[in-house]
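Going down the list, the protein sequences come from chains A and B. Position 238 (the first sequence) corresponds to 238 in my numbering; numbering is contiguous. Just remember that my numbering sits 286 ahead of the position in the second sequence, which is counted from 1. Ideal Cβ positions, reconstructed from N, Cα and C, are used throughout, including at glycine.
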Amino acid sequence: MKLDTLIKFQNMDRRWIFLGMGIAILLPLLFPITLSFNIDERVQSLYDSVEEVPAGSTVFISADFDPASRPELEPFFRANLHHLLRKDVKFVAATLWPSSPPLVMPIFEEITAEYGKEYGKDWCFLGFKDGKELAIKAIGENIPETFPTDIKGNKIADLAVARSFKQAKDFAMIINVSAGFPGTREYVLQIQGQYDLKIASATTAVSGPDYIPFYKAGQLTGLSAGMPGSAQYEQLVFPDGPREGERLMATQAVNVLNVGHLFIIVLILLGNIAFFVTRRVEEAAP
Amino acid sequence: MRSTIPLVLTFLVGIFMVGEYFIPHWRYHQWTAVLLEWGLILAAAAFLLGLFNLVQVNLPKVMNKEEDWGYKLVMLVSLVGTLVVGFMGNTDRLSDGQAYKWLFDFVFVPLNATMFALLAFYIASAAFRAFRARNLEATVLLVAAIIVMIARVPMGEDLPLIGEKLPQFMNWIMDVPNIAARRAIFIGAALGAVATGLRVILGIERSHLGAD
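Shown next as structure tokens:
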């Protein structure tokens, strides 16, 4: 192969890479392939910690994600709600992200309706609170003063599911679905240590490595990272596959990642081969 | 006086809030809870401040038809439009059929998701150009990245011969070198935050007051 061709390849128009990536994503969507995968220890631990929550108790869900991180986190979020509700666990939810309420409220309504759960009695959504770390600290200190009303304008004292919980430590556990700041890191730093809280986190693939030290230190009871984490959690919650007419979104999507990752790896390898050949030829030249 | 009062306030509030971690008395927690509430109100007020600032900066540029005034006009119209439909919808704004919900579902969600999805394409392009084994450090990074990338997806586990070991090796990378580096960064950053906090509380650091 000529040196010029190798140099051209290394400097190729990035639109060819975009086209290749587009095809790599599109192909497995059009022709799905299903490969089996193992369950990560961190995801298993998350599942087990939810399993340990006794029926009839209440957990606090902090749904801190937006449409950008929805593909990675919504499958976990849905599977987690199924997991909680079929165990007859109640929940109080809130968010620290302003773009989250319109995204999560329909999911809450849809899944709680499936299990015949009543708003205010079995679950409630307190809505968005600004203040980032301050809001987290306030959730640790005093929930009724931080959220005097829920998203529908009801007083928290009128909601049977929420009125007896003054602080975060009163809940059986905290489940944080976190796409970044403010999220899991801030929950751990602001209130986990002070109140010795049981917190589990589902986060994006990019944030996952950041939170592994918290899991290893026992500050998180479980950790699901990105699409693979969501897919593994789906497998644990639905071991017999999806129910009639439903899909396991992350389990399907994780197979799309196969080809996407493979495309990037092949690109990197080819780029390096071209780089080394070019360098050797240039060094050998008089 | 203009700087003395804020410095004294910062000192008193800072010391008082730190004291919460050392004095586990319910009365003390009641007082810190009040201060937290003030903080939340101030944070909400900062939202309003941001709103006014956005209008103050962009409106004159639209009026004077400065460069890119069209984009700024779209931004201002979107801002006002979303605010109006949000207030009109009141507590029902998230119900189906409400204008606010429509704007969220059919404008914000696709735009937000598209911006993030574009990352996949730019990451592929950046990885191709930047991941070159130019020296030892770059080679270690490259090899670790490829192992993690391939082991994170089901395909990696199904590879012949190495498929079983690959996830174990990826977990070692994530649990040992990754944690070692991140803990070092966390602890360094935490010590830096403590030092900065003390400098602010003691009035040595005054940049937040507008002074150098």
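>> Cβ closer than 9 Å: which chain B residues qualify as neighbours of D130/A?
In response: L326, A329, A330, A332, F333
> Buried or exposed: D64/A, going by 16 or more other Cβ atoms within 10 Å of its Cβ?
Replying inline: buried
>> Given this structure, state the Cα-to-Cα distance separating S201/A from I191/A, to the nearest angstrom.
In response: 14 Å
>> Can you pull out the residues from the segment 440-460 of chain B whose beta carbon lies closer than 9 Å to at least one beta carbon of chain A?
In response: P440, M441, G442, E443, D444, P453, N457, M460
> By Cβ distance, which residues of its chain are closer than 7 Å to N457/B, with the 5 residues on each side in sequence left out?
Replying inline: none
>> Just to confirm, is the Cβ distance from A55/A to D88/A under 7 Å?
In response: yes
>> Quick test of the definition: if touching needs 3 or more C-beta pairs under 8 Å, does the segment 261-270 of chain A touch the segment 436-444 of chain B?
In response: yes
>> Suppose you measure from the CA of I23/A to the CA of P242/A; what does that come to, to the nearest Å?
In response: 27 Å
>> In this structure, how does DSSP classify S411/B when only helix, strand and coil are distinguished?
In response: helix
> Which chain D residues are close to T377/B, counting only those with a beta carbon under 8 Å from its beta carbon?
Replying inline: Of the chains in the structure shown, none is chain D; the protein chains are A and B.
> Below 7 Å between beta carbons: does that hold for M173/A and V43/A?
Replying inline: no
>> Helix, strand or coil, according to DSSP, for G208/A in the structure here?
In response: helix
>> Any C-beta of chain B within less than 9 Å: which residues of the segment 260-277 of chain A qualify?
In response: G260, H261, L262, F263, I264, I265, L267, I268, L269, L270, G271, N272, F275, F276
> Distance, Cα to Cα, G367/B vs R418/B?
Replying inline: 48 Å
> Which residues share a DSSP beta bridge with F91/A?
Replying inline: V59/A, W123/A
> Using a Cβ-Cβ distance under 7 Å, would V429/B count as near chain A?
Replying inline: no
> Would you call the segment 392-403 of chain B and the segment 62-76 of chain A in contact, with 3 or more CB pairs under 8 Å?
Replying inline: yes
> What residue does the alpha helix (DSSP H) around G222/A start on, and which one ends it?
Replying inline: Taken as a continuous stretch (DSSP letters only), G222/A belongs to no alpha helix (DSSP H), being part of the beta strand (DSSP E) at 222-225.
>> Once the 5 residues before and after I111/A are set aside, which same chain residues still bring their CB inside 6 Å of it?
In response: L81
> Hey, P140/A and Q219/A are a contact pair by Cβ (cut 8 Å); roughly how many whole angstroms apart?
Replying inline: At residue 140/A the sequence reads Gly, which differs from the Pro that was named. With 8 Å as the limit, G140/A and Q219/A do not qualify as a contact, their Cβ atoms being about 14 Å apart.
>> Do K155/A and T149/A count as a contact pair if the criterion is CB distance below 7 Å?
In response: yes
>> Does any residue of chain B have a CB that is nearer than 7 Å to the CB of P67/A?
In response: yes
> Can the beta-carbon of L295/B be found closer than 7 Å to that of G489/B?
Replying inline: no
> Beta carbon of R14/A: closer than 6 Å to some heavy atom of the ligand ZN?
Replying inline: Within the structure as shown, the ligand ZN is missing, as the structure has no ligands at all.
> So which of Y215/A, Y211/A, E186/A has the shortest CA-CA distance to L134/A?
Replying inline: E186/A
> Nearest to L96/A by CA position, among G120/A, G127/A, L27/A, is which residue?
Replying inline: G127/A
> What is the residue span of the alpha helix (DSSP H) that N344/B lies within?
Replying inline: 312-349
> In chain B, which residues lie less than 7 Å from S36/A when you measure between Cβ atoms?
Replying inline: P440
> How long is the line joining the alpha carbons of P98/A and A467/B, rounded to whole angstroms?
Replying inline: 33 Å
> Helix, strand or coil for K155/A per DSSP?
Replying inline: strand
>> Out of A331/B, F302/B, A330/B, which one is the CA nearest neighbour of T318/B?
In response: F302/B
>> Using the Cβ count rule (16 or more neighbours within 10 Å means buried), how would you classify V256/A?
In response: buried
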